[in-house]
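Reading through the structure tokens given below for one structure.
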Amino acid sequence: MNKILNTAIVGMGRAGSFHLTSMKIIDGFNLKYVVDPDTEKLASIGLPTQTKRLTDIDAVLNDQDVDAVVIASPTEYHYDYILKSLNADKHVFTEKPLGHCLSEVKECFDTAAKNNKALHLGFQRRFDHNFIALKSNLSTINDVRMVRASSRDNPKPSYEYLKTSGNIFHDMLIHDFDMMLFLLGPKAPETINVFAKCYDKKIEAMDDYDTVVVSMQFDNGLIYTVDTSRTSVYGYDQRLEVFGSDGMLVAENELDSNLNIYAKDGIKQAPVSYSFPQRYKSAYLAELVFFESSIRNGELYNVTKEEAILSHLIADACYVSAKEGRLVRFKEEYY
Ligand SMILES: NC(=O)c1ccc[n+]([C@@H]2O[C@H](COP(=O)([O-])OP(=O)(O)OC[C@H]3O[C@@H](n4cnc5c(N)ncnc54)[C@H](O)[C@@H]3O)[C@@H](O)[C@H]2O)c1
57 MNKILNTAIV GMGRAGSFHL TSMKIIDGFN LKYVVDPDTE KLASIGLPTQ TKRLTDIDAV
117 LNDQDVDAVV IASPTEYHYD YILKSLNADK HVFTEKPLGH CLSEVKECFD TAAKNNKALH
177 LGFQRRFDHN FIALKSNLST INDVRMVRAS SRDNPKPSYE YLKTSGNIFH DMLIHDFDMM
237 LFLLGPKAPE TINVFAKCYD KKIEAMDDYD TVVVSMQFDN GLIYTVDTSR TSVYGYDQRL
297 EVFGSDGMLV AENELDSNLN IYAKDGIKQA PVSYSFPQRY KSAYLAELVF FESSIRNGEL
357 YNVTKEEAIL SHLIADACYV SAKEGRLVRF KEEYY
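Position in the sequence shown (first residue = 1) + 56 = this note's numbering.
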């Protein structure tokens, strides 16, 4: 397929904005439409001259010249838009999560396969150069025994966003579960134990948490721990450490610059990236570049159905572990 791919972005909030930035750069895409019901927001966005503004997705679905749809709407609409787009013969790139329950996740993949259309998930960490470098060096530390990830958000998302986000496991930690599968392969942990707390009363009233530690153990003994928080005053904190029998790999935070200021009272460094658009700027671009080339090469997925199911089930199991205050025997109970 040599032609320019006509696309649409659906949802022009935080995620829609970083996808718009990428769309403007990638040669193989022509952004034909952006969709958002918020007319004020729609009017305020700077768009390429040929791009039309729409308040609902119908014209995109009915336009046979549209090849691909990027879904960045609030989570509650993903499943519906994914199915409608795939059934309207469009390739789909969607922000996570795919759906609210396992059957919806499966149905999305089955519909993509049935229609022979690409279905890519917005797990941009797979395209982050630090994590790619870490993965490609795993063999240097031999037997991997422990992984420790910190994954702390900044700034805290709006309460309106949080209300329909799923929960901290499906909305935030799902990235870490996917990273675990990216690093170790699609293996299910034997056990999962979660400690969780909610400091923000409004989030607590949503039956959700804002501070969580997840520990998972695999049948070979490997222990994988992730800690997360909905806020982190010093910036967007995303670190990964892998400890093995022959050494350790550490992917550190990205800073605004690499300047160190040496003074009498110590050494000062630039701040950690403010939030995800800064931290993952190049990964957001790389994931859409990959989507574009995949459509041309006929590669349907960037994350397999098996991986998407596993990360979804792990998120479900984590919620149960937190809520019931118990260790979940994941393989026995879920897999
Ligand atoms: N991969 C990542 O790093 C990342 C980061 C942020 C958000 N996300 C995901 O992106 C999605 C959007 O999150 P966000 O932070 O951009 O939210 P947001 O609240 O900033 O923006 C959502 C936008 O969607 C619009 N909208 C509302 N109803 C709509 C509808 N029915 N159809 C189309 N658009 C609609 C809103 O007007 C708003 O402009 C979420 O599912 C979230 O999980 C992913």
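We put the CB at the ideal spot given by N, CA and C, even for glycine.
In this text the structure is predicted, and so the values were computed from the model without any measurement.
Residue state for Gln106 is assigned as coil, using DSSP reduced to three classes. Of the heavy atoms belonging to ligand 1, none sits nearer than 7 Å to the Cβ of Phe274. A distance below 6 Å between beta-carbons, with the five flanking residues on each side excluded, links Lys324 to the following residues of its chain, in chain order: Ile317. Ile365 carries a helical assignment under DSSP once its states are collapsed to helix, strand and coil. In the structure shown, the three-state DSSP call for Val161 is helix. For Lys253, the three-state secondary structure derived from DSSP is strand. Taken through DSSP and simplified to helix, strand or coil, Met262 comes out as coil. Secondary structure remark: continuous alpha helix (DSSP H) runs of at least 4 residues inside the segment 66–102, in chain order: 70–81, 95–100.
A Cβ-Cβ contact shorter than 8 Å links Thr284 with Arg208.
For Lys140, the enclosing alpha helix (DSSP H) covers residues 134–143. Remark: three or more beta-carbon pairs, one from each stretch, lie closer than 8 Å, so the segment 343–363 and the segment 160–169 are flagged as touching.
Beta-bridge annotation (DSSP): Met304 is paired with Phe299. Under the 10 Å beta carbon count, Met228 is surrounded by 16 or more other beta carbons and is classified as buried. Cα atoms of Arg286 and Lys59: separation of roughly 42 Å, rounded to the nearest angstrom. Inside the segment 178–265, DSSP marks whole beta strand (DSSP E) runs of 3 or more residues at positions 200–208, 247–253, from first to last along the chain. For Thr281, the secondary structure class from DSSP, reduced to helix, strand or coil, is strand. In the structure shown, Ser271 adopts extended strand secondary structure according to DSSP, grouped into three states. For Arg181, the closest C-alpha among the options Lys361, Tyr340, Ala371, Ala261 is that of Tyr340.
For Val116, the enclosing alpha helix (DSSP H) begins and ends at 114–118.
For Lys324, the enclosing beta strand (DSSP E) covers residues 322–325. Boundaries of the alpha helix (DSSP H) around Val345: 337–353.
Three or more Cβ pairs closer than 8 Å define a contact, and the segment 215–228 falls short of that threshold against the segment 341–355. Leaving aside the five residues that flank Leu315 on each side, the residues in its chain whose CB is nearer than 8 Å to its CB run, in chain order, Gln325, Ala326. Taking 7 Å as the cut-off, the C-beta of Tyr217 counts as close to a heavy atom of ligand 1.
Beta-bridge pairing by DSSP links His156 to no other residue.
Relative to ligand 1, Met68 has its C-beta within less than 7 Å of a heavy atom.
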